[in-house]
Amino acid sequence: MKLKQGFDIKLVGKATESIAKDVEAPKRYALKPEDFPGMIRPKSVVKVGAKVKAGDPILIDGKQEEIKYTSPVSGEIVEIQRGERRKLLAIVVEADSNIEYKEFPVKPVDQVSVEDAKAVMLESGVWPLLVRRPYAIVADPSDQPRAIFVSSFDSHPLAPNYEFTLQGQEAYIQAGVDVLKKFAPKVYVGLNGTAPSKLFDNVAGVEKNKFNGPHPAGNVGVQIHHTSPIANANDVVWTISPQGLAQIGKLFKEGKYDAKQVIAVAGPKVDKPEYVETYVGASVDTIAAAKIKGDDVRVVSGNILTGSAISKDGFIGFYSNMVTALAEGKKSRFFLTDGWLAPITSRLSFHKAFGLLGSTSKEYALDTNTNGQDRPFAVTGAFEKVVPMDIYPMYLLKSILAYDYENMEALGIYEVAEEDFALCEFIDVSKHDIQKIVRQGLDTMRLD
Amino acid sequence: MKFLHDLLEKQKPLFEKGGKLEKLYYVFEAGETFMFTPPEVTKAKGVQVRDAVDLKRVMMTVVIALIPAILFGIWNVGYQHFLATNDAEVASFGAQLIYGLKLALPLIIVSYAAGGTIEAAFAVFRNHPITEGFLVTGILIPLVVPASLPLWQIALASAFAVLIAKEVFGGVGMNILNVALTARAFLYFAYPAQISGDKVWIEIGETAAGQAMATVDGFTGATFLGLAVEAQKVGQPVADFVAQHAHWVQSPAELAMTSFIGLIPGSIGETSALMCLIGAIVLIWTKVADYRIILSGVLGALGMGVLLNVFAGDMQAVKDGVEGAKYFAYLDMPSYYHLIVGGFAFGIVFMATDPVSASQTNTGKWIYGAFIGIMTVIIRVLNPAYPEGIMLAILLMNVMAPLIDNYVVNANKKRRLKRATV
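First to last, the protein sequences are chains A and B.
Just so you know, we're using our numbering here: the first sequence kicks off at 964 and counts up by one.
Just so you know, we're using our numbering here: the second sequence kicks off at 106 and counts up by one.
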C-alpha cells in the first residue's frame, strides 16, 4: 500500500548498527504509571526494601488488579517516588548483578489453552505490551479482540531498526504470534514495503500487508486504517510491537519474563550514536554519561515526535524503544538576523512560508525551541497532508475541544492515538499541543 | 543585538503581574516578540521539536506576495493621474511614483494605525496576545479602495472591520467574513459616493488656484466595468465600446493586454491581473494559499462567462432589423475579460484564499472557489446596480463556507458509518 501523506523529519545522529561497548549497565530500573495512559488508580504492591525477581509484580491499577506490572530485573525496591498529593510517579528497583527470573510454566504453545495463556501473561508482566484500540490503552483481559495488529517497522525519526535489535529472535516472534492467535482469529503484520524483513518474512499464520511512504506509514494505527479499520467503540483490536511479540514468545518458550531489549541511542547530541542493550525501564544515567555530550541537552525517552523529556538520571519509558538527545533551544532570535523576518536554511519546515529555505531532505540538528507561540487555528489544509487516513484532523480536534461526543465518534476518534497526530503537532503553525488534545478526546470517550 | 534584548528584558518586570503597567503586558509582549522570537521550548510530553514556521512567517508570506501589486498599484495611481491630465509621457516614472505614493501611503498608514489600535485595545481588555492577522488585513484594506478615498473613511472602515468582523467573533481565526472585504463593504454601503461611480477612480487633482485640473480629450472616469454596463445599454460589443470611450486605451485590440497589465483605473492594488498572477504563484508555491480555490474560481468565472455568451443574442440580426431579435453586449463579452478587469484577480488570489473565512476541506475549497467565480460574473453582468461582483461573491461564499464544509464532512461521516455495517 502506497501512502502519500506524511513527512520524514531527518535528524542528525542516526544510530549505527552496533551494540555500544562503552556503556555501563544501568543499576536502577523503574516502572512509571504515567507510561500507561489508561491507568486509573496506580498502586504499588511492594515496599521499599523488598526483594523482587524479574517478573514479580510491583505495580497494579487499583481498577484492574488482574493485570500485573512486574519488575524488569531482579533486585531490591529502593525508592517509591511520589508527587503532589502522593501521586505515584515511579517504583525504582536496584538491579542485582545477576538477574534472577521468576519461573513460569513452559509448555508447547499449541497445548496451552487461551485461559492458561491469559493467566500467565497477566501474571508475568507481558500483558501491558498489548495495547487496545479504541483508546490506545493497555488491553482489557475481558476483551475479545477482532484482530491483532503488528507493525514490523518503526518509521519515527531516528527510530531503531527492529531487524537489527531483534535479530535471531524469529522463533520467539513466531511463538508470540501463535499465542496471540488464541485470542483473536486474525493477526495482521504491516511490513515495510521498501525493505525485506528477515524477522517477519517467514512468520506463518498472519496476514501480511506492505506499506510504503513517509512516516507515519509505520504507525500501527495508520496500518489498521488501511487494512481493516475500526468501526465503532465496540470494535476492539489489539496492537503490539515486534519487541512485545518476542517477549511473549520467550515467556512461553522459556518460562521467564525477559525484559531485555536493545534500544537505539540517537540524536544530534549523542556521541557515536549506536544501540545499547538494556532492560525495560532502565535509568538513562549510564547512557548519558557515556554517550550524551554537552550541558544544555534534552534527553528524550522515545523519539522526538511522541517521546517524553526525562532528566539525565531519569528512566526510559515502558514502551520506548530509543533514547534521543538534542539541544535545548532556550534562546531568543532577533527578527532580522535569524528570527521570523530572516530567510533561514538552518531549521526544518514542512511548510514553505516566507524565508524557510531549508531543504527537507538534508539532516538537521534541530533543537527544542518552539519557533513561535500559541495562536488560534488559522491555517487549513496542512494537517491533512501528514495524516494518511480518511479523517479530517482539524474537525476531529475541534470536536474534542468542544466535548462534542457525537462528532468525535463520527469523525474517527476510535481510530486514532496520539502518535497518529504527532506530525500535525510538529507542523502546526499555531503551536498547539495536539497529542494532548487527542488524548483528552480518547479519555473523554472512554470515561464518560 | 544583545544590548537591545537586555534593554527589553529590563523593562519586562514593569509589565508583568504586579508591575505598574501590568495591563499593557500583551502590548509589550507583542513588541518584544516582534523583535525577538521567544525563548520557549517544547513541553516534556508531546513533540520535542517544532517546525520552523509560525504565524508571523505565514502572514509575512502574504505581504510579500502582495508587494508587486502594491508597488504597481501605487505607480498606477500616479500614471492614471498624468494620463488623465496631460500626456503621461511628459511626467517621468519617478514623478508618477511619487504622486502615487503621496496618495496611497497615507491610506496604508492610517489603515494600519486605526485597525491596529482596535486590535491592541482588545488584547489589553480581553487579556490575550496580539496576533499577526492584522499584518495582512492592514495592507489589504487600502489596496481595495480608490486612491481618492478620504483618510477618515479608511480609518473608520479599518476600525469597523476589525471590531465587527473579527473581534466580536473572538479574534483571529474565529471570524466568519474576510476582514478586509468587510471594510470595503462597509465603505460601499455607508459612503457609496466615495467608492463607486465615475468620479473616484482617477485622482484629477487641483491646480494651484484650487480649480480641478484640465483633463485630456475623451477623458472618462469610468472603469471598465462601468463602461461595460453602458455598452450593454447601447448594444455595442463591450471591447469596441470601451476602446471608443476610454481615454486609457486606443483600440479594442490592445484592450485585453492593457487590462491584464493593469494600466487601467480602479482601486489601488487590484487593477493589475499580472501582479496578482505573480502573487498567486508566490502563494501557491509556498502553499500559503490553496491552489484549489484560485483555480476553481478562475474556471467558475470562465465557465459562467461562456454560458452567458450563449444567451447573448445575435447582434447582426438586430442590425438587420429581424423581428424579435435581441442583443446583450455584456453577455456577449469574451469570458476571459472577467479575469483581467475589476477586482476579480485580486479578490480570488488574496481574499478568497483567506484560510479562516474560506472552506476548510479540500473538496469544499473546489466548490467554494467555483461559486465565487460564478457569482462574480452573475453579479457583474446580470445586476447593473453593482458593477463589481467579486466583493459580494466572496462575502456571500464566506457565509456559505461552513455549510459547504458541513456537507463534505457529513459525507466523510457517512463513509465511515457505511464501513461499520460491512
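Ideal Cβ placement from N, Cα and C applies to all residues, glycine included.
DSSP bridge partner residues for residue i (one or two, in chain order)
{"i": "Gly1153 (chain A)", "result": "A:Ser1114 and A:Asn1172"}
{"i": "Phe1297 (chain A)", "result": "B:Phe141"}
{"i": "Met1285 (chain A)", "result": "A:Ala1227"}
{"i": "Val1412 (chain A)", "result": "Shown here, chain A extends from 964 to 1411; a query on residue 1412 (chain A) therefore has no answer."}
{"i": "Asn414 (chain B)", "result": "Answer is none; Asn414 (chain B) lacks a bridge partner."}
{"i": "Ile1023 (chain A)", "result": "A:Lys1006 and A:Lys1031"}
{"i": "Ser1246 (chain A)", "result": "A:Phe1278"}
{"i": "Ile1354 (chain A)", "result": "Paired residue(s): none; Ile1354 (chain A) is not in a bridge."}
{"i": "Arg991 (chain A)", "result": "A:Glu1057"}
{"i": "Tyr1238 (chain A)", "result": "A:Ile982 and A:Ala1227"}
{"i": "Ala56 (chain B)", "result": "Since the first and last residues shown for chain B are 106 and 527, residue 56 (chain B) lies out of range."}
{"i": "Tyr1327 (chain A)", "result": "A:Leu974"}
{"i": "Tyr1064 (chain A)", "result": "A:Ala1017"}
{"i": "Gly1038 (chain A)", "result": "A:Val1015 and A:Ala1058"}
{"i": "Ala1290 (chain A)", "result": "A:Val1260 and A:Asp1330"}
Given residue i as reference, the closest of the options once Cα atoms are compared
{"i": "Ala189 (chain B)", "options": "B:Gly326, B:Gly278 and B:Ala417", "result": "B:Gly326"}
{"i": "Ala1373 (chain A)", "options": "B:Leu501, B:Lys523 and B:Gly238", "result": "B:Lys523"}
{"i": "Ala1196 (chain A)", "options": "A:Arg1096, A:Pro1159 and A:Ala1272", "result": "A:Arg1096"}
{"i": "Ala149 (chain B)", "options": "A:Met1408, A:Gly1302 and A:Val1262", "result": "A:Val1262"}
{"i": "Tyr396 (chain B)", "options": "B:Gly474, B:Ala378 and B:Gly123", "result": "B:Gly474"}
{"i": "Ala200 (chain B)", "options": "B:Phe120, B:Gly426, B:Gln341 and B:His186", "result": "B:His186"}
{"i": "Glu121 (chain B)", "options": "B:Glu134, B:Met318 and B:Ala295", "result": "B:Glu134"}
{"i": "Val1094 (chain A)", "options": "A:Lys1254, A:Asp998, A:Val1350 and A:Thr1308", "result": "A:Asp998"}
{"i": "Gln1074 (chain A)", "options": "A:Ile1003, A:Ala1138, A:Ser1264 and A:Pro1005", "result": "A:Ala1138"}
{"i": "Ile1363 (chain A)", "options": "A:Asp1406, A:Ala1305 and A:Ala1082", "result": "A:Asp1406"}
{"i": "Met1371 (chain A)", "options": "A:Met1084, A:Tyr1355, A:Glu1382 and A:Ala1102", "result": "A:Tyr1355"}
{"i": "Gly478 (chain B)", "options": "B:Lys338, B:Val195 and B:Met496", "result": "B:Met496"}
{"i": "Arg485 (chain B)", "options": "B:Phe329, B:Lys207 and B:Leu210", "result": "B:Phe329"}
{"i": "Gly340 (chain B)", "options": "B:Asp419, B:Gly178 and B:Asn517", "result": "B:Asp419"}
{"i": "Glu1039 (chain A)", "options": "A:Val1009, A:Gln1210 and A:Ile1023", "result": "A:Val1009"}
{"i": "Pro1247 (chain A)", "options": "A:Ser981, A:Lys1014, A:Val1055 and A:Pro996", "result": "One detail in the question is off: residue 1247 (chain A) reads as Val in this sequence, not Pro. With distances taken between Cα atoms, Val1247 (chain A) lies closest to A:Val1055."}
Closer than 7 Å: residue i CB and nearest the ligand PLP heavy atom
{"i": "Ile1273 (chain A)", "result": "Of the ligands one can find in the structure shown there are none, so the ligand PLP has no counterpart to examine."}
Residue-level contact to chain C via CB, residue i, 8 Å cutoff
{"i": "Glu145 (chain B)", "result": "Absent from the structure is chain C; the protein chains it does hold are A and B."}
Supposed close pair residue i, residue j - CB separation, criterion 8 Å
{"i": "Tyr131 (chain B)", "j": "Ile235 (chain B)", "result": "6 Å"}
{"i": "Arg520 (chain B)", "j": "Trp1303 (chain A)", "result": "So it is not a contact: roughly 40 Å between Cβ atoms."}
{"i": "Asn414 (chain B)", "j": "Glu1347 (chain A)", "result": "Not quite, the Cβ-Cβ distance comes to about 37 Å (not below 8 Å), so this is no contact."}
{"i": "His1188 (chain A)", "j": "Glu1378 (chain A)", "result": "6 Å"}
{"i": "Pro173 (chain B)", "j": "Gly384 (chain B)", "result": "6 Å"}
{"i": "Gly1292 (chain A)", "j": "Ile1307 (chain A)", "result": "Between Ile1307 (chain A) and Gly1292 (chain A) the Cβ distance is about 14 Å, and since that is not below 8 Å, they are no contact."}
{"i": "Ala1147 (chain A)", "j": "Pro1108 (chain A)", "result": "4 Å"}
{"i": "Gln153 (chain B)", "j": "Leu1289 (chain A)", "result": "7 Å"}
{"i": "Ile93 (chain B)", "j": "Ala209 (chain B)", "result": "Coverage of chain B is limited to positions 106 through 527, which leaves residue 93 (chain B) absent and any answer about it impossible."}
{"i": "Tyr1238 (chain A)", "j": "Ala983 (chain A)", "result": "7 Å"}
{"i": "Asp971 (chain A)", "j": "Pro1231 (chain A)", "result": "Not confirmed; about 16 Å, so no contact."}
Chain-order list of residues whose beta-carbon lies under 7 Å from that of residue i (same chain, five-residue window excluded)
{"i": "Gly221 (chain B)", "result": "Phe239 and Gly243"}
{"i": "Val360 (chain B)", "result": "It is worth fixing the name first, because residue 360 (chain B) is Leu in this sequence and not Val. Ala344, Val347, Ala348 and Val354."}
{"i": "Glu1086 (chain A)", "result": "Lys1031"}
{"i": "Pro1035 (chain A)", "result": "Tyr992, Ala1017, Ala1222, Tyr1242, Val1243 and Gly1244"}
{"i": "Val461 (chain B)", "result": "Gly278 and Asn280"}
{"i": "Gln465 (chain B)", "result": "Asp510"}
{"i": "Val284 (chain B)", "result": "Thr242, Ala266, Val267, Ala270 and Lys271"}
{"i": "Val211 (chain B)", "result": "The amino acid at residue 211 (chain B) is misidentified as Val; the sequence shows Pro. The answer, listed in chain order, is Leu256."}
Residues near residue i in its chain [Cβ-Cβ closer than 8 Å; skip 5 each side]
{"i": "Ala422 (chain B)", "result": "Ala430 and Tyr432"}
{"i": "Ala228 (chain B)", "result": "Tyr131, Val132, Ala135, Pro234 and Ile235"}
{"i": "Pro118 (chain B)", "result": "Gly124"}
Neighbourhood of residue i by C-beta, 6 Å cutoff - its chain only, sequence neighbours within 5 removed
{"i": "Lys1171 (chain A)", "result": "Val1152 and Leu1154"}
{"i": "Phe979 (chain A)", "result": "It is Thr, not Phe, that sits at residue 979 (chain A) in the sequence shown. If we look at Thr979 (chain A) and ignore the five residues flanking it on each side, its Cβ neighbours are Glu1237."}
- [ ] Give a yes or no on contact between the region 164–178 of chain B and the region 242–258 of chain B, applying the rule of three or more CB pairs nearer than 8 Å.
- [x] Contact between the region 164–178 of chain B and the region 242–258 of chain B is present, because at least three Cβ pairs lie under 8 Å.
Task: Contact between the region 265–276 of chain B and the region 286–293 of chain B (3+ Cβ pairs under 8 Å) - done: Yes: the two stretches touch, three or more of their Cβ pairs being nearer than 8 Å.
Open item on the list: Taking contact to mean 3 or more Cβ pairs, one atom from each stretch, closer than 8 Å, check whether the region 1283–1302 of chain A and the region 1223–1236 of chain A are in contact.
Closed with: Contact between the region 1283–1302 of chain A and the region 1223–1236 of chain A is present, because at least three Cβ pairs lie under 8 Å.
Open item on the list: Within 8 Å, do at least three Cβ pairs link the region 362–371 of chain B to the region 403–411 of chain B?
Closed with: Taking a contact to require three or more Cβ pairs closer than 8 Å, the region 403–411 of chain B and the region 362–371 of chain B do not qualify as touching.
Open item on the list: Does the structure place the region 1331–1341 of chain A close enough to the region 443–451 of chain B that three or more beta carbon pairs sit under 8 Å?
Closed with: No, the region 443–451 of chain B is not in contact with the region 1331–1341 of chain A.
Task: Contact the region 1197–1215 of chain A vs the region 1121–1132 of chain A: 3+ CB pairs below 8 Å - done: Contact holds: three or more Cβ-Cβ distances are below 8 Å.
Open item on the list: For the pair the region 1110–1119 of chain A and the region 1157–1177 of chain A, tell me if three or more CB-CB distances fall below 8 Å.
Closed with: Below 8 Å, enough C-beta pairs join the region 1110–1119 of chain A and the region 1157–1177 of chain A to call them touching: three or more.
Task: Any 3 or more C-beta pairs closer than 8 Å across the region 1003–1018 of chain A and the region 1050–1067 of chain A - done: With a cut-off of 8 Å, the region 1050–1067 of chain A and the region 1003–1018 of chain A count as touching, because enough Cβ pairs lie within range.
- [ ] Determine contact between the region 248–257 of chain B and the region 207–219 of chain B, defined as no fewer than three beta-carbon pairs at a distance below 8 Å.
- [x] By the C-beta criterion, the region 248–257 of chain B is judged to be in contact with the region 207–219 of chain B, since at least 3 inter-stretch pairs fall below 8 Å.
Open item on the list: Does the structure place the region 1251–1259 of chain A close enough to the region 1311–1324 of chain A that three or more beta carbon pairs sit under 8 Å?
Closed with: As far as the Cβ criterion goes, the region 1311–1324 of chain A does not touch the region 1251–1259 of chain A, which means the pair count is below three.
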